[in-house]
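J.:
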Amino acid sequence: MTLTKSRLGFYPSLMEDFFTGFSPKSFQLNPQSPAINIKEVENGYEMELSAPGFSKNEIEVVIDENTLTVKASKERASDATTDQFKRREFVIAGFERNFELPDTVDQQKINVSYNNGLLEIQLPLKKESKSKLKRTLSIS
Numbered sequence: 346m347t348l349t350k351s352r353l354g355f356y357p358s359l360m361e362d363f364f365t366g367f368s369p370k371s372f373q374l375n376p377q378s379p380a381i382n383i384k385e386v387e388n389g390y391e392m393e394l395s396a397p398g399f400s401k402n403e404i405e406v407v408i409d410e411n412t413l414t415v416k417a418s419k420e421r422a423s424d425a426t427t428d429q430f431k432r433r434e435f436v437i438a439g440f441e442r443n444f445e446l447p448d449t450v451d452q453q454k455i456n457v458s459y460n461n462g463l464l465e466i467q468l469p470l471k472k473e474s475k476s477k478l479k480r481t482l483s484i485s
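Using the numbering used here, you'd call the opening residue of the sequence shown number 346 and step up by one each time.
#1: Just to confirm my understanding: we take residue 464, look at its own chain, exclude 5 residues before and 5 after, and list those with CB closer than 6 Å. What are they?
#2: I'd like the span of the beta strand (DSSP E) that includes residue 467, first residue to last.
#3: Helix, strand or coil: which one does DSSP assign to residue 419?
#4: Here's the rule: buried if 16 or more other CB atoms are within 10 angstroms of the residue's CB, otherwise exposed. What is residue 380?
#5: Since residue 382 is in the beta strand (DSSP E), which residue starts that stretch and which ends it?
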């Protein structure tokens, strides 16, 4: 029998390298967790969270200190339990995801939009932190 090593241990460290400041615990998923993309852009970060089947009134985005929490809940119709499915491949269920924000993010200027099942969150950097992120040093 051949033993295989799980790659899950590698995945968080890979994410730490690409998104320094975002906590690896942010990327731990359960089966109901929506997929997410985080990309670094010129003036900060952009997050895209796939949340089809929800209205924007069912989604809540909260910042508490340096933690960004995205929650969604779906009210079930009262007769949903009596439905007799012949085939059921998905269930729209609530979820909660937490992300530890880097100190460089300007929390006062975070912008959130939801369109066609995609929640987009813009995380701009603080003005003073831009110069600290990348600079070229002269060699003497």
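A virtual CB, placed ideally from N, CA and C, is assigned to each residue, including glycine.
Please read these numbers as outputs of a predicted model, since none were measured by experiment.
T.: According to the data block:
#1: For this step, residue 464 is matched to residue 119 along the sequence shown. Counting only Cβ-Cβ distances below 6 Å, and skipping sequence neighbours, we find 394 and 396.
#2: Position 122 of the sequence shown holds residue 467. Run containing residue 467: 463 to 469, per the beta strand (DSSP E) assignment.
#3: Indexing the sequence shown from 1 puts residue 419 at position 74. Secondary structure at residue 419: coil, using DSSP grouped into helix, strand and coil.
#4: The sequence position of residue 380 within the sequence shown is 35, counting from 1. Its Cβ having fewer than 16 others within 10 Å, residue 380 is exposed.
#5: In the sequence shown, counting from the first residue as 1, residue 382 sits at position 37. First-last of the beta strand (DSSP E) with residue 382: 381 to 386.
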